[in-house]
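Take a look at the structure below.
Chains as they are written, first to last, in my numbering: chain D, 76 to 583; chain E, 31 to 391.
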């Protein structure tokens with residue numbers, strides 16, 4: 076074959092034409108829903124290993140596996156694989172009624188044995204469940220008809236909330252025992268709305284609708300979730316029509332594409348919050364410094380200017396969707412009061428109080444920029460903060476060792492909305508994940524861990540939040556808003572947990 | 031790089047006439063043995079450094095894994111489960127013993143054997159790097175030939191400006207530009223992935239590009255190229271500029287040599303003189319550069335694979351670092367080191383074969 080310029084051009088054109096076959100466009104009807112997802116899925120077992128506690132991939136898990144209890148988009152629980160649940164009178168046992176008529180993806184029947192086995196498995200320290208400290212509070216799991224009973228080894232008022240939280244998934248006993256962990260990783264099955272058809276690690280997962288799903292067959296027969304970790308590439312994916320839905324895109328791009336572009340947008344508050352941990356070391360032992368730091372931050376201005384208005388100002392670690400949210404607890408922006416408080420401790424713009432603030436950069440939208448803005452606001456009242464950028468892995472290690480700087484920016488997720496998993500874990504001194512060690516707060520929180528009266532428990536947490544706000548033991552900043560972009564042919568329902576769920580998507 | 035070459039010996043060899051095939055073979059074997067030895071030392075050094083450095087830097091996988099509310103006992107339990115409770119030297123000994131038996135450990139995040147994961151991803155990265163290299167050689171070579179042919183004119187000036195631009199913009203920015211141009215404005219290439227998910231792949235190896243050609247499945251080949259083209263081009267552009275500059279400079283120097291002048295006096299056209307007479311000699315320094323740059327190209331795939339969500343080793347490496355997946359990081363770094371040293375060895379051997387001075391040594 077003689078190659079000349081003309082034949083080369085022809086070959087190039089043919090290659091391009093062949094290569095572009097299959098690129099979806101907005102004009103085409105959507106046969107196969109394509110989602111550009113923001114993170115990779117490292118492992119299919121939703122109960123053990125680091126992936127099991129990664130909030131960002133729970134949406135994929137919930138597409139394939141069911142949780143013990145269904146969580147609705149507004150975070151409230153609803154009957155799922157368990158139709159009823161509760162404690163006995165003296166709180167020494169839990170009972171769960173298991174839904175009948177459900178099948179696993181391989182066609183085998185789902186039974187109460189699966190529930191009992193799943194609970195016992197994650198309670199066993201040898202399986203490596205990161206949440207074993209919760210599941211281990213139940214023991215002696217047994218089946219009675221379509222009921223599962225377990226003894227309460229240690230009363231935990233949130234145990235049923237964990238059944239729709241991290242690692243709270245039901246796995247198939249017989250199948251798992253037959254194929255083992257490696258076989259399950261290679262071919263996972265669940266009872267969820269979608270079945271895994273093909274999985275390429277770091278690339279995509281292709282899902283087929285489960286026609287026998289107890290909650291009804293999903294609207295889209297085939298869903299491909301592409302793992303596109305770069306935000307600019309995700310924007311390009313939906314803008315070009317290569318993907319129909321994406322999430323976690325820059326707010327500026329969200330506005331551009333939804334206000335003038337062809338895409339529909341959904342921006343709803345989710346359960347993630349931004350906050351500043353205060354460590355009770357150095358100048359942070361001075362209440363005037365802490366309170367001044369809290370009052371000097373104009374949260375709404377930061378949300379408006381840095382996040383294009385996408386965020387909800389918060390003054391406690393509870394968002395409006397959480398069980399212990401109390402709108403009466405406020406910490407207003409008050410520059411004059413901040414100056415006055417600092418002056419009482421001998422500080423001012425000419426004699427600033429100095430400390431370090433740590434932050435991630437790019438882990439959450441505009442995290443570093445927000446801290447820069449806060450440092451600017453602090454400077455005006457007499458606080459000189461030095462910014463140290465760290466990786467999220469370093470944050471975890473420093474927090475675990477109680478070695479965070481006096482101030483440290485972090486984001487906290489709490490998709491079950493219980494005060495225990497927000498204020499409780501973040502502020503209870505003996506926990507290795509809290510850096511505030513004040514005995515007064517420990518004394519207030521301690522009794523709430525095992526409080527059996529739910530109303531009293533929630534009121535107790537509200538009192539804790541009020542005390543924290545009054546004494547500025549932590550600086551809550553904002554509740555994040557999750558931006559979702561969708562092609563005109565798709566209607567997306569936002570889930571307040573932040574999970575993007577294909578089975579909640581419908582044809583428009 | 032070639033300090034073992036003794037200049038006196040070189041002259042002596044020339045004085046004695048052409049070397050025998052046996053002498054050439056001995057020289058290549060000596061080179062091979064020396065480089066294999068240094069490769070082993072290099073790999074051992076890399077293994078020690080990577081193992082201890084990633085354990086010394088802040089952030090451990092257990093802290094990443096445990097949610098708030100976990101107790102010190104939970105931390106201790108999981109540390110023991112992943113073997114991180116043992117002294118660091120003991121951990122190193124266990125790991126090295128495993129590596130020597132082909133067991134690189136198990137990934138903490140994926141719970142899969144590290145060797146399987148790494149070898150499964152390596153073909154994708156190699157194919158991307160090779161395609162980028164081919165594109166770089168084509169683009170850079172063409173630029174150098176045009177620049178030499180029209181040296182001193184406007185076209186050479188334009189090529190110099192283009193080379194300068196290509197070099198001053200990093201590859202990931204070229205990637206973003208390409209995404210905008212060929213992914214969004216004129217969407218003819220795929221933005222992410224390696225192959226369209228809905229396609230059924232009949233492949234038995236992970237070398238999709240090569241295997242699709244061997245199987246004469248041009249439909250799959252076109253789909254794979256449509257996925258790989260933009261990341262490969264983003265990687266290739268800076269390298270093409272380097273190749274173009276160096277080759278053009280070599281060609282211009284060669285064009286002033288006597289034998290080229292002789293060719294001109296025979297009445298050969300300028301293009302023929304460049305292609306037939308000058309190019310072969312001028313290409314040698316570029317060949318060495320291409321070999322060295324290939325290793326950097328593989329290193330560059332880390333960011334580019336991430337940007338294009340390409341399922342290669344680099345993309346996996348970033349996840350491993352984010353998640354502090356220590357066994358996986360160790361496996362990937364060791365494999366990268368193996369590739370780097372291997373490619374350098376091949377380049378040295380190739381250079382020895384092609385360079386008359388070394389061939390005669």
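Each residue gets a CB set at the ideal place from its N, CA and C atoms; glycine is no exception. Bear in mind that the values here come from a model prediction, so they are computed numbers and not experimental data.
Where residue i falls: helix, strand or coil (DSSP)
| i | result |
| --- | --- |
| residue 347 (chain D) | strand |
| residue 461 (chain D) | strand |
| residue 422 (chain D) | coil |
| residue 110 (chain D) | strand |
| residue 300 (chain D) | strand |
| residue 11 (chain E) | In the structure as shown, chain E starts at 31 and stops at 391, and residue 11 (chain E) therefore has no counterpart that could be examined. |
| residue 275 (chain D) | strand |
| residue 97 (chain D) | Only weak support is given to the placement of residue 97 (chain D): the predicted model assigns it a pLDDT of 44, under 50, and the question is left unresolved by the model. |
| residue 143 (chain E) | strand |
| residue 393 (chain D) | coil |
| residue 79 (chain D) | With a pLDDT of 48 at residue 79 (chain D), under the threshold of 50, the predicted position of this residue should be treated as unreliable, though the coordinate-derived value follows. If DSSP states are grouped into helix, strand and coil, residue 79 (chain D) belongs with coil. |
| residue 285 (chain E) | coil |
| residue 292 (chain D) | coil |
| residue 586 (chain D) | Past the boundaries of the shown model lies residue 586 (chain D); chain D is included only from 76 to 583, so the question cannot be answered. |
| residue 131 (chain E) | coil |
| residue 406 (chain D) | coil |
| residue 136 (chain E) | strand |
| residue 510 (chain D) | coil |
| residue 282 (chain D) | strand |
| residue 263 (chain D) | coil |
One or two residues paired with residue i in a DSSP bridge
| i | result |
| --- | --- |
| residue 549 (chain D) | D:352 |
| residue 487 (chain D) | D:348 |
| residue 582 (chain D) | D:565 |
| residue 184 (chain D) | D:178 |
| residue 387 (chain D) | D:554 |
| residue 130 (chain D) | Answer by DSSP bridge pairing: none, since residue 130 (chain D) is not bridged. |
| residue 152 (chain D) | D:146 |
| residue 340 (chain D) | D:560 |
| residue 269 (chain D) | D:284 |
| residue 482 (chain D) | D:353 and D:432 |
Rounded C-alpha distance that separates residue i from residue j
| i | j | result |
| --- | --- | --- |
| residue 551 (chain D) | residue 488 (chain D) | 13 Å |
| residue 330 (chain D) | residue 560 (chain D) | 10 Å |
| residue 402 (chain D) | residue 395 (chain D) | 8 Å |
| residue 61 (chain E) | residue 378 (chain E) | 8 Å |
| residue 181 (chain E) | residue 319 (chain E) | 23 Å |
| residue 428 (chain D) | residue 453 (chain D) | 10 Å |
| residue 276 (chain E) | residue 170 (chain E) | 9 Å |
| residue 358 (chain E) | residue 132 (chain E) | 14 Å |
| residue 301 (chain E) | residue 179 (chain E) | 7 Å |
| residue 284 (chain D) | residue 291 (chain D) | 10 Å |
| residue 113 (chain D) | residue 336 (chain E) | 12 Å |
| residue 196 (chain E) | residue 162 (chain E) | 14 Å |
| residue 116 (chain D) | residue 342 (chain E) | 15 Å |
| residue 519 (chain D) | residue 474 (chain D) | 22 Å |
| residue 101 (chain D) | residue 316 (chain D) | For residue 101 (chain D), the predicted structure reports a pLDDT of 48, less than 50, and the residue's modelled location is therefore unreliable. A value from the coordinates is still provided. If I take the Cα positions, the gap works out to 6 Å. |
| residue 240 (chain E) | residue 437 (chain D) | 38 Å |
| residue 289 (chain E) | residue 307 (chain E) | 8 Å |
| residue 262 (chain E) | residue 556 (chain D) | 36 Å |
| residue 412 (chain D) | residue 405 (chain D) | 14 Å |
| residue 397 (chain D) | residue 256 (chain E) | 47 Å |
Residue i, enclosing alpha helix (DSSP H) - first and last residue
| i | result |
| --- | --- |
| residue 443 (chain D) | 442 to 456 |
| residue 472 (chain D) | 467 to 475 |
| residue 172 (chain D) | Where residue 172 (chain D) is concerned, there is no enclosing alpha helix (DSSP H), although the beta strand (DSSP E) it sits in stretches over 168 to 173. |
| residue 354 (chain E) | No alpha helix (DSSP H) contains residue 354 (chain E), which DSSP labels as neither H nor E. |
Neighbouring residues, chain B, relative to residue i (Cβ below 9 Å)
| i | result |
| --- | --- |
| residue 124 (chain D) | Absent from the structure is chain B; the protein chains it does hold are D and E. |
Unbroken beta strand (DSSP E) run spanning residue i, endpoints
| i | result |
| --- | --- |
| residue 160 (chain D) | 157 to 162 |
| residue 432 (chain D) | 428 to 434 |
| residue 41 (chain D) | Given a span of 76 to 583 for chain D in the structure shown, any question on residue 41 (chain D) remains unanswerable. |
Contained beta strand (DSSP E) runs [length at least 3] in the stretch 199 to 257 of chain D, N- to C-terminal order: Taking only runs of at least 3 residues, the beta strand (DSSP E) segments lying wholly in the stretch 199 to 257 of chain D are 213 to 219 and 222 to 227.
Inside the stretch 525 to 575 of chain D only - alpha helix (DSSP H) runs reaching at least 4 residues: Taking only runs of at least 4 residues, the alpha helix (DSSP H) segments lying wholly in the stretch 525 to 575 of chain D are 529 to 546.
Alpha helix (DSSP H) segments (min. 4 residues) lying fully within the stretch 300 to 338 of chain E: Fully enclosed alpha helix (DSSP H) runs of no fewer than 4 residues occupy 309 to 337 of the stretch 300 to 338 of chain E, in order along the chain.
Ranges of the alpha helix (DSSP H) found wholly within the stretch 185 to 250 of chain E, counting only runs of at least 4: Qualifying alpha helix (DSSP H) stretches, in chain order: 201 to 208 and 238 to 244.
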